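Participant: Residues in the sequence shown are numbered consecutively from 95, following the numbering used here.
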Amino acid sequence: MTFKVNENKSLNIKTATGEYKVNFCRGGIKQADKYIKNNKALIITDNGVPAEYAQAVKSRLSDGKILTLPQGEATKNMDNYQKILSTLVENNFTRSDCIVAVGGGVVGDLAGFAASTYMRGIDFYNIPTTVLSQVDSSVGGKTAIDFMGIKNIVGAFYPPKAVIIDTDTLKTLPERQIANGLAESVKMALTNDKELFELFENSNPLENLEEIIYRSVKIKAEIVEADEKEKGLRRVLNFGHTLAHAIESVNQMEKYYHGECVAIGMVPMCDTKIRERVINVLNKLILPTKPDKEDADEIIKACIHDKKMSGDDITVVYVSNVGEFRFEKIPFSKYEDMIRQVLNQ
Ligand code: GLY
Numbered sequence: 095m096t097f098k099v100n101e102n103k104s105l106n107i108k109t110a111t112g113e114y115k116v117n118f119c120r121g122g123i124k125q126a127d128k129y130i131k132n133n134k135a136l137i138i139t140d141n142g143v144p145a146e147y148a149q150a151v152k153s154r155l156s157d158g159k160i161l162t163l164p165q166g167e168a169t170k171n172m173d174n175y176q177k178i179l180s181t182l183v184e185n186n187f188t189r190s191d192c193i194v195a196v197g198g199g200v201v202g203d204l205a206g207f208a209a210s211t212y213m214r215g216i217d218f219y220n221i222p223t224t225v226l227s228q229v230d231s232s233v234g235g236k237t238a239i240d241f242m243g244i245k246n247i248v249g250a251f252y253p254p255k256a257v258i259i260d261t262d263t264l265k266t267l268p269e270r271q272i273a274n275g276l277a278e279s280v281k282m283a284l285t286n287d288k289e290l291f292e293l294f295e296n297s298n299p300l301e302n303l304e305e306i307i308y309r310s311v312k313i314k315a316e317i318v319e320a321d322e323k324e325k326g327l328r329r330v331l332n333f334g335h336t337l338a339h340a341i342e343s344v345n346q347m348e349k350y351y352h353g354e355c356v357a358i359g360m361v362p363m364c365d366t367k368i369r370e371r372v373i374n375v376l377n378k379l380i381l382p383t384k385p386d387k388e389d390a391d392e393i394i395k396a397c398i399h400d401k402k403m404s405g406d407d408i409t410v411v412y413v414s415n416v417g418e419f420r421f422e423k424i425p426f427s428k429y430e431d432m433i434r435q436v437l438n439q
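In structure tokens:
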């Protein structure tokens, strides 16, 4: 993997709930004190993240304490939320102290939610260390935990004080994990940025990771500035996600990663005239473009079950041309035909 450009760039994000910078800085975790001004910090990470990342952050702060949680979506629960709160209370954290997340989306969502509620809100910094969290979940202020089996059902919009994107942390990620995150960048490109899509088409994405991450965050920043609370435009970020969620609901043993489900989910929502281009890019990233045959029926059943919960029509994000999208309210039967066509091929 080669890294180019974008050292020490930043993007400013301003919404009704706050203003913050997303800082792109290679080696940023080793300069955390440049961004984190609070004296005391609870650094939250998980055991799938190299321990030296949280250590590097701690070494730059005058009073840092590390809390390491287990890796995986199951960590985003009430018990770990309570564990964070009790650590804060037991260590006399006050309103002038902060929480720093060092890890992927699970750590960021959970740490951000704890920060949003402790003492009615303390400073929160996010240092995402996966492509998926760098291009998507660390930006936009969504924080949450899962509850009673429902993903992200308890949460808050709580913008961080700053996001630090250190692309050096990606060097330890397996290529499948990098592709997993890049699926969300393909989503941003397909819906909003023709040139970014052409970069995927015409170059080796692994050689242009920083450019891709920067451009993806730029798109997301513009979207959340326009619609932070997902009343309209921000729903474009759900492109491909209806089918992705159905796949995730039947996803035994985490056979497919989130980005892989999104990759499969995007294909039927693209016009047939661009579908081949989309499939070529996904193939290039070694992302799936349809589920294994033996899973297809179950996935369609899961979609139909979801439909029963939400009525006869469904609003989808449809990409008619690269870089252009529209919201379309269609009868569920039409949606079912669209996904059947791709899944049963
Ligand atoms: N990941 C979708 C959003 O932030 O709205």
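Backbone N, C-alpha and C define an ideal beta-carbon position, used for all residues, glycine too. Nothing here was measured: the structure is a model prediction, and the numbers come from that model.
(1) If Ile137 sits next to Val196, beta carbons under 8 Å apart, how far is it from one beta carbon to the other, in whole angstroms?
(2) Go ahead and label Ile380 buried or exposed: buried means 16 or more other beta carbons lie within 10 angstroms of its beta carbon, across all protein chains shown.
(3) Can you look up Gly249 in the DSSP assignment and give me helix, strand or coil?
(4) State yes or no: is the C-beta of Asn438 within less than 8 Å of the C-beta of Ala390?
(5) With a cut-off of 8 Å on the beta carbons, I'd call Gly275 and Ser232 a contact; round off their distance for me.
(6) Does the beta carbon of Ser210 fall short of 7 Å from some heavy atom of the ligand GLY?
(7) What first and last residue would you give for the beta strand (DSSP E) that runs through Lys423?
(8) How far does the alpha helix (DSSP H) with Cys355 in it extend, from its first residue to its last?
(9) Is the beta carbon of Tyr212 closer than 8 Å to that of Leu179?
(10) To which residues does DSSP link Gly197 through a beta bridge?
(11) Can you check which of these residues, Glu184, Ala145, Asp140, Ser156, is closest to Glu167 by C-alpha distance?
(12) With a CB to CB cut of under 7 Å and the five nearest residues on each side skipped, what residues in its chain are close to Lys170?
(13) Suppose the cutoff is 6 Å on Cβ atoms and the five residues either side in sequence are ignored; what does the same chain contact list for Arg328 look like?
(14) Hey, would you say the C-beta of Asp230 is under 7 Å away from at least one heavy atom of the ligand GLY?
(15) Does the beta-carbon of Arg328, which I'm using as the reference point, lie nearer than 7 Å to any heavy atom of the ligand GLY?
(16) For Pro442, which option in Thr111, Ile433, Phe419 has the closest C-alpha, if you only look at C-alpha atoms?
(17) Using only the alpha-carbon positions, how far apart do Asn51 and Asp173 sit?
(18) Quick one: using the 10 Å Cβ neighbour count with 16 as the cut-off for buried, is Glu348 buried or exposed?
(19) What did DSSP end up calling Gly206 once you bin it into helix, strand or coil?
Facilitator: In this structure, then:
(1) 6 Å
(2) exposed
(3) strand
(4) yes
(5) Not a contact, Cβ separation roughly 11 Å.
(6) Checking the Cβ of Ser210 against the ligand GLY gives no.
(7) Following the DSSP letters along the chain, one finds Lys423 inside the beta strand (DSSP E) bounded by residues 418-425.
(8) 352-360
(9) In contact: Leu179 and Tyr212 (Cβ atoms closer than 8 Å).
(10) Bridge partners of Gly197: Pro222.
(11) Asp140
(12) Around Lys170: Val200, Asp203, Leu204, Ile239, Asp240.
(13) Around Arg328: Ile317, Asp321.
(14) yes
(15) yes
(16) Since the first residue of the chain shown is 95 and the last is 439, residue 442 is not available in this structure.
(17) No information on residue 51 is available, as it lies outside the stretch 95 to 439 that the chain covers here.
(18) exposed
(19) helix
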